[in-house]
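Asks: Heads up: the sequence shown begins at 975 in this note's numbering, then just goes up one per residue.
The C-beta atom is built at its ideal place from N, Cα and C for all residues, glycine as well.
Bear in mind that the values here come from a model prediction, so they are computed numbers and not experimental data.
Let me give you the structure first, and then I'll get to my questions.
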Amino acid sequence: MYNLTYGSVITEMLKEINVQASALGNHEFDWGVDKIQKWAKDGGFDFLASNIYDKKTGKPVEFAKPYKVITEAGKKIGLIGIATPETAFKTLPANVENLEFRDPVTATNEWAAYLRETEKVDAVVVLSHLGTFQDKVTKEITGEGAELAKNAKGIDAVITAHSHQVVNGMVNGIPVIQAGNNGRAIGQISLTFVDEKLYAASAIEDLASKAKELQEDPATKAIYDKYNDQLSPVLDEVVTTLENDLDHDKTAGLTTLGQFNTKLMMDITGAQIGLTNGGGIRAPLAKGELTVGDMYTVFPFDNTLVTFELTGADLKKNLEHGIDPNNGVGWIQFYGIKVFYDETKPVGEKITSMRLMDGTKIEADKYYNVVTNDFMATNGDGYNFSGAKNLTDTNIVMRDAMIKELKKSKSVAFEKEDLLVKGEDTTIDETSAIENDTTVIVEKIKDSNVSKVVVDATKDTTIDKGVFEALKGTDKVLTFKVGNATWTFNGKDITKVMDIDLSLKTVDDSLKSKINAVIEDILGTKAPAFMLSFKYDGELPGKADIKVFMGTEWANKTVTFFRYFPEKGTYEKVQTDVKVDKDGYAIITLDHCSDYFALEQTVAVSNLPQAGSVVGTNGFISIGFLVAMMGAAMYVATRRKEEQQAA
């Protein structure tokens, strides 16, 4: 509603509730400075910002006033407006390119002195769009607003915003407050004068918790109804049906909705990689009917799609900025690539590897086709694509194009993929694999410039003990490709050396029959199972991550792996929560080769005994009998106690 009316609905409401002054936030610039003056005029209030200057003239801007003096109960209160310097990169850069956002403390000190000396005010309150945060335990307040309270002179209270937090406390003896966002709370600054001495205090009233008790304001409701009646035919139109929830929190990493959004951008433009800023997605989407109104709520900005070619090196730089949890803008959202990173490394060095979805490794000097939005493309949120070539603003509004694309399907299902991976890239590059030659492998392991060795052992599946002797104690990764399976060892995990055969063997009918019988006994019903058997039977040189092809019928499922002991007819749960990827592959960590089976992870399967407890199919009868006996014993003991007490 806000977008479709260019803010008119908000302006009318602010006029109705008699707002006298407002700070200038970053989103006031979303449609340029012309709208700012119109909103102030139509709403009957003043926008205040003392630290915004025109770069061309070097003077304060004309669309906002530096201060305002109001009189309440015979006391003159000076209000100083302060905009966050982050506005320079947290709105469309083109809309603020001629503006300078100066230091908040310097501006505040200048105008606080003026208000006290010239206007003779009794109190000074800073009305700002500076961000603040408050620790839930210690109650410490941090952020731009807190720094202002610590360093500015001659002020009595600070009102903050921008970070969408509930903040209420004292900094340097000065009340600092923020009332959350979207009308969920009301903040109040109280100025009390006793014998001409000022006592300033703050309070927050939580409206969200008492929403059902609040009464509608007829005049404000009438404004809403007027616009709602006009826009309902557009906003209520159903675009498609979502078959699952699409979560999003810009501070929580790569999200389902972020991937969904960027994949759509790729589908629309044909790009290889899609990038968008997490802050541009304003809410999650719930399962069910998706309306045009929902799309405006989630994607309120009229950002356009921008395509360009970018080198792998520049792509990495921007992703490094986007995955920095302290960047102040939230996590970048992307699709089309898989990023491996080490969170312990400093910013700029976190990403260790990047691959396209087909597994092709991203090369630093090679160009890739990228799509993003015009906000990011023009340095929004601190991203920098100045090295891009063939940059084209399609002038296609991203939200509108997404609506058009989604209308092609009656329903849409989307599952988040593991595209931001903590740890090493263990993907096998077919072209880099060497043959199973012990001498060559050992030389590679001993090469100080090599951290990972990949061996194609499909033709010769037996690995010489000399390989593990060389690997033992090192921090190197050794991967063997054997048909549809891959084995990955780390030198730190090697505890013994031996010759081993890494080939799999066909599970014969006899073994299948035995395992199926065990499954039916323990679950009380038949269940699909994946069975795995190794040619080598015994301990491995050390634990190994084994990637096996389970089949496309297992794709995107979560399974539990069990070891089966055919001689005893028993089993042992060895690994839970194993994710099968979209192609039907799963990775299991083992230190022993034997016979294994996997079941889809249901409640019944999850409740089976944990790893390390070897259980036979008759174990459940014994356990049930034991429980019954314990129950009987407890009953007898209770009866005896009651009889003794009665006596």
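Counting Cβ pairs closer than 8 Å, one from the stretch 1563 to 1572 and one from the stretch 1503 to 1522, do we hit at least three?
Replies: When C-beta atoms of the stretch 1563 to 1572 are compared with those of the stretch 1503 to 1522, three or more pairs fall below 8 Å, so the two segments count as touching.
Asks: Going by C-alpha to C-alpha distance, which of ALA1407, VAL1140, VAL1145, THR1435 sits closest to ALA1131?
Replies: Checking every option, the nearest Cα to that of ALA1131 belongs to VAL1145.
Asks: Identify, in the order they occur along the chain, each residue of the same chain with its Cβ nearer than 6 Å to the Cβ of ASN1155, setting aside the five sequence neighbours on each side.
Replies: HIS1138
Asks: For the alpha helix (DSSP H) containing MET1239, name the first residue and the last one.
Replies: 1230 to 1243
Asks: Where do the N-terminal and C-terminal ends of the alpha helix (DSSP H) with LEU1293 fall, by residue?
Replies: 1286 to 1296
Asks: Are the stretch 1339 to 1348 and the stretch 1423 to 1442 touching by the rule of at least three beta carbon pairs closer than 8 Å?
Replies: Short answer: they don't touch.
Asks: For the alpha helix (DSSP H) holding ARG1076, just list the boundary residues, first then last.
Replies: Run containing ARG1076: none; DSSP gives neither H nor E here.
Asks: GLU1121 to ASP1367, Cα distance in whole Å?
Replies: 39 Å
Asks: What residue range is occupied by the uninterrupted beta strand (DSSP E) comprising TYR980?
Replies: Careful: TYR980 lies outside any beta strand (DSSP E) and carries neither H nor E.
Asks: Measuring CB atoms only, is the stretch 1439 to 1459 touching the stretch 1541 to 1550, in the sense that at least three cross pairs come out at less than 8 Å?
Replies: no
Asks: What are the start and end residues of each continuous alpha helix (DSSP H) run of 4 or more residues lying completely inside the stretch 1425 to 1455, in chain order?
Replies: 1439 to 1445
Asks: For VAL1414, is the classification buried or exposed, using 16 other Cβ atoms within 10 angstroms of its Cβ as the cut-off for buried?
Replies: exposed
Asks: DSSP state of ALA1585, grouped into three classes?
Replies: Any reading at ALA1585 must be qualified, since the residue scores a pLDDT of 44, below 50, and its modelled position is unreliable; the value itself is stated next. In this structure, ALA1585 counts as coil in the three-state DSSP scheme.
Asks: Can you list, in chain order, the residues of its chain whose CB lies under 8 Å from that of SER1596, leaving out five sequence neighbours each side?
Replies: Its pLDDT being 33, under 50, SER1596 is placed unreliably by the model, and the measurement read from it follows with that caveat. Within the same chain, SER1596 has no close Cβ partners at all.
Asks: State the DSSP-derived secondary structure class of SER1102, mapped to helix, strand or coil.
Replies: strand
Asks: Do you know whose CA, among ILE1489, ASP1434, GLU1118, LYS1439, lies nearest VAL1416's CA?
Replies: LYS1439
Asks: In angstroms with no decimal places, state the Cα-to-Cα distance between VAL983 and ILE1197.
Replies: 7 Å
Asks: Give the straight-line distance between the Cα atoms of ASP1254 and ASN1364, rounded to the nearest whole angstrom.
Replies: Looking at the sequence itself, residue 1254 is Gly, so the reference to Asp does not match. So the alpha carbons of these two residues sit roughly 24 Å apart.
Asks: Suppose you measure from the CA of SER1102 to the CA of GLU1187; what does that come to, to the nearest Å?
Replies: 30 Å
Asks: Whose C-beta lies closer than 6 Å to the C-beta of LYS1470 among residues of the same chain, with five residues either side of it excluded?
Replies: PRO1515
Asks: For MET1240 and THR1082, what's the separation of their Cα atoms in angstroms?
Replies: MET1240 and THR1082: Cα-Cα distance of roughly 46 Å.
Asks: Just verifying my parser: in three-state terms, what is the DSSP assignment at LYS989?
Replies: helix
Asks: From this set, GLU1084, ALA1062, LYS1033, which residue's C-alpha is nearest LEU1053's C-alpha?
Replies: GLU1084
Asks: Roughly how many whole angstroms lie between the Cα atoms of ASP1392 and ILE1026?
Replies: Distance from the CA of ASP1392 to the CA of ILE1026, rounded to the nearest whole angstrom, comes to 43 Å.
Asks: In this structure, does DSSP put TRP1305 in helix, strand or coil?
Replies: coil
Asks: So, is ASN1592 buried or exposed, given that buried needs 16 or more other C-beta atoms within 10 angstroms?
Replies: In this prediction, ASN1592 scores a pLDDT of 42, lower than 50, which makes its location untrustworthy; the coordinate-derived value is nonetheless stated afterwards. Under this definition ASN1592 is an exposed residue.
Asks: Nearest to VAL1208 by CA position, among ASP1316, ASP1268, TYR1315, is which residue?
Replies: When only C-alpha atoms are compared, the closest one is ASP1268.
Asks: Report the residue from ALA1518, PHE1539, VAL1579, THR1563 whose alpha carbon sits nearest the alpha carbon of VAL1533.
Replies: VAL1579
Asks: Can you find a CB in chain B that lies within less than 9 Å of the CB of GLU1417?
Replies: Of the protein chains in the structure, only one exists, and it is not chain B.
Asks: Using C-beta distances below 7 Å, list every residue in its chain close to MET987, excluding the 5 sequence neighbours before and after it, in chain order.
Replies: Setting aside the 5 residues that flank it on each side, MET987 is surrounded in the same chain by THR1194, ILE1197, each with a C-beta closer than 7 Å to its C-beta; the list follows chain order.
Asks: Which residues does DSSP pair with PRO1034 in a beta bridge?
Replies: TYR1027
Asks: Give me the residue from PHE1349, ASN1277, THR1448, ALA995 with the minimum Cα distance to GLY1376.
Replies: One point to set straight first is that residue 1376 is Met, not Gly, in the sequence displayed. Nearest C-alpha to MET1376: ASN1277.
Asks: Of the residues ILE1160, LEU1172, VAL1168, which one's Cα is nearest the Cα of ALA917?
Replies: In the structure as shown, the chain starts at 975 and stops at 1621, and residue 917 therefore has no counterpart that could be examined.
Asks: Tell me the DSSP bridge mates of ASP1020?
Replies: In the DSSP output, where bridge partners are listed per residue, ASP1020 has ALA995.
Asks: Per DSSP, what are the beta-bridge partners of ALA1175 in this structure?
Replies: SER1164
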